[in-house]
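Offset between the sequence shown (1-based) and the numbering used here: plus 135. Contents: one structure, followed by commentary.
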Amino acid sequence: MTTSLAPARLAPADVVRVGGAGLRTRPMRAFLSALGIAIGIAAMVAVVGISSSSRAELDRRLAALGTNLLTVAPGNDIFGDNATLPDESVEMIGRIGPVTEVSAVGKIADVHVYRSDQIPAGQTNAITLRAAQLDLPGTVGATLASGTWLNAATAKFPAVVLGDAAARRLGIYAAGDGVQVYIHARWFTVIGILDPVPLAPELDASALIGWEAAATYTAFDGHPTTVYTRSKDDQVEAVQAVLARTANPAAPGTVKVSRPSDALAARQATDKTFTGLLLGLGAVALLVGGVGVANTMVISVLERRSEIGLRRALGATRGQILMQFLAESLLLSALGGIGGVTTGIGVTALYATTRDWPTVVPAWATAGGVAATLLIGAIAGLYPAVRAARLAPTEALAAP
């Protein structure tokens, strides 16, 4: 009896028997692979997105505290007398590069506000009359509870806007055509009432009239007594250093400049802390996502060694096997990465909405998530694909 040593040919029934199980389970494996990738990337994007949204909310709250608001006021000269700011000080301060907003008020001394002309002169209710520039509300963050703010027309005529405390002391709760107060032997129409102004509480007990109206109807000298400035957050200290010399170049020593708010220091410390936190969380989440991607792709490739053997037996080259699995790895990684990024953004938006936060997802997190999945998918698919491509057909077919 003789035994043939020639390799046996695979019958069609053998091909179906060997490759059938792999073909039937391939869609499920592909789905699970993409799902695993998506979960890892979604976790990374959601962690970074929620942290960034929390940081944005904190920045918004700190900004409301006036971290970039500085005030300039006249001090005293060398003889101890009250100094004044030049009329052009507001314009000069506005020329400082990092300054984004500037406005001013001028206190009008010895002029009081009364509810009627029958009120005794001594009952002033501690209300201060001030001339105000038109852009004051935007600079100090003031809003109106009733009526309107001064404009180019009303600022020239007997019209007044009351601070919150001033309106309550006068018994006025809404502005209107028939609502008037008595100022310097003249009736002024109340056209607006301010909400409380946390950044400039001195305005709460003030009555504000136009700059031109103050010069026309009172003895206002035109000098600003408080200049409010806003500047870029990272330039507040630099602006503070030049404000006095800019406001009054001839006598900078007579100018008082407020120091940066303690909230600014807290905000800067918070920015540094959050930056480190985001980098740490992003790195950890990306590492976890990367391990998940690599594990999913390695298992997916190794479980299909019998399929590789079958294709090699049918004439596929090593290069074709390699390119096939690399292409599949990159495709699954791309699908999982895009799905993960989309899911992460959705989770961030949902969480931020429930907390009334702004939704912020850094661009580096979304772009980095997709790029990381492609890179990790290529690396994870390359090594198993190379090993599988080097297997002999009979050895690969014999793999469980």
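The C-beta atom is built at its ideal place from N, Cα and C for all residues, glycine as well. Remember, predicted model here, so these are calculated numbers, not experimental data.
1) DSSP beta-bridge partners for P303?
2) Rounding to the nearest angstrom, what Cα-Cα distance links G313 and E337 in this structure?
3) Between the C-alpha atoms of A350 and V180, what's the straight-line distance to the nearest angstrom?
4) To the nearest angstrom, report how far apart R265 and S341 are at their CA atoms.
5) How long is the line joining the alpha carbons of A191 and P493, rounded to whole angstroms?
6) Would you mind sorting S281 into buried or exposed? The rule is 16 or more other CB atoms within 10 Å of its CB.
7) Assess, as a yes-or-no matter, whether the region 285 to 294 is touched by the region 366 to 386 under the definition of 3 or more beta carbon pairs within less than 8 angstroms.
8) Between the C-alpha atoms of I228 and R490, what's the straight-line distance to the nearest angstrom?
9) Kindly give me the distance between the Cβ atoms of L271 and S238, rounded to whole angstroms, as I take these residues to be in contact under 8 angstroms.
10) Report the residue ranges of all alpha helix (DSSP H) runs contained in full by the region 309 to 352; include only those spanning at least 4 residues, in chain order.
11) Where does K536 sit, in a helix, a strand or coil, going by DSSP?
12) Who are the Cβ neighbours of A267 in its own chain at under 6 angstroms, not counting the five residues just before and after it?
13) For the alpha helix (DSSP H) that contains G474, what are its first and last residues?
14) Output the distance between the C-alpha atoms of A208 and D369, rounded to the nearest integer angstrom.
15) Comparing alpha-carbon positions, which option in I307, I456, A502, A376 lies nearest R516?
16) According to the Cβ coordinates, are V275 and A335 closer than 8 angstroms?
17) If distances are taken between C-alpha atoms only, which option among V482, A469, V495 comes closest to L170?
18) In the DSSP output, what is N203 paired with across the bridge?
19) With DSSP collapsed to three states, give me the class of V390.
20) Buried or exposed for D323, please, with buried defined as at least 16 other CB atoms from any protein chain shown within 10 angstroms of its CB.
21) Please classify G215 as buried or exposed, where buried requires at least 16 other C-beta atoms within 10 Å of its C-beta.
22) Measure the alpha-carbon distance for T263 versus A502 and round it to whole angstroms.
23) What's the gap between the Cα of V332 and the Cα of V316?
24) Under a Cβ-count criterion, where at least 16 other Cβ atoms within 10 Å of its own Cβ denotes burial, should R525 be classed as buried or exposed?
25) Among residues of its own chain, excluding the 5 on either side of H358, which ones have a beta-carbon nearer than 7 angstroms to its beta-carbon?
26) Secondary structure at L279, three-state DSSP: helix, strand or coil?
27) Identify the residues that DSSP records as bridge partners of A266: which are they?
28) T508 and V496 - do their beta-carbons sit closer together than 8 angstroms?
29) At which residues does the alpha helix (DSSP H) containing V225 begin and terminate?
30) Is the beta carbon of L465 closer than 8 angstroms to that of A506?
31) Between A300 and A290, what straight-line distance do the alpha-carbon atoms span, to the nearest angstrom?
32) Cβ of L329 within 8 angstroms of Cβ of L279?
33) What did DSSP end up calling L158 once you bin it into helix, strand or coil?
34) Give the range of the beta strand (DSSP E) segment to which L297 is assigned.
According to the structure data:
1) The displayed chain sequence assigns Arg, not Pro, to residue 303. When DSSP reads this structure, R303 sits in no beta bridge, so it has no partner.
2) 27 angstroms
3) 59 angstroms
4) 7 angstroms
5) Each residue's alpha carbon lies about 7 angstroms from the other.
6) buried
7) no
8) 39 angstroms
9) Yes, they are in contact, since the Cβ atoms of L271 and S238 sit about 4 angstroms apart, within 8 angstroms.
10) 346 to 352
11) This structure leaves residue 536 out entirely; the chain is present only between 136 and 535.
12) Only V240, L343 meet the Cβ criterion.
13) 453 to 489
14) 23 angstroms
15) In the sequence under discussion, the amino acid at residue 516 is Gly, which differs from the Arg named in the question. For G516, the nearest C-alpha among the options comes from I456.
16) yes
17) A469
18) Looking at the DSSP output, N203 bridges to nothing.
19) The three-state secondary structure of V390, taken from DSSP, is strand.
20) Here the sequence assigns Phe to residue 323, which means Asp is not the residue at that position. Per the 10 Å Cβ criterion, buried.
21) exposed
22) 56 angstroms
23) 22 angstroms
24) exposed
25) T219, L220, D222, G241
26) strand
27) G241, I344
28) no
29) 224 to 229
30) no
31) 22 angstroms
32) At a Cβ-Cβ threshold of 8 angstroms, L329 and L279 count as neighbours.
33) With a pLDDT of only 48 at L158, under the threshold of 50, the placement of this residue in the model should not be trusted, and no figure is reported.
34) L297 -> beta strand (DSSP E) spans 294 to 297.
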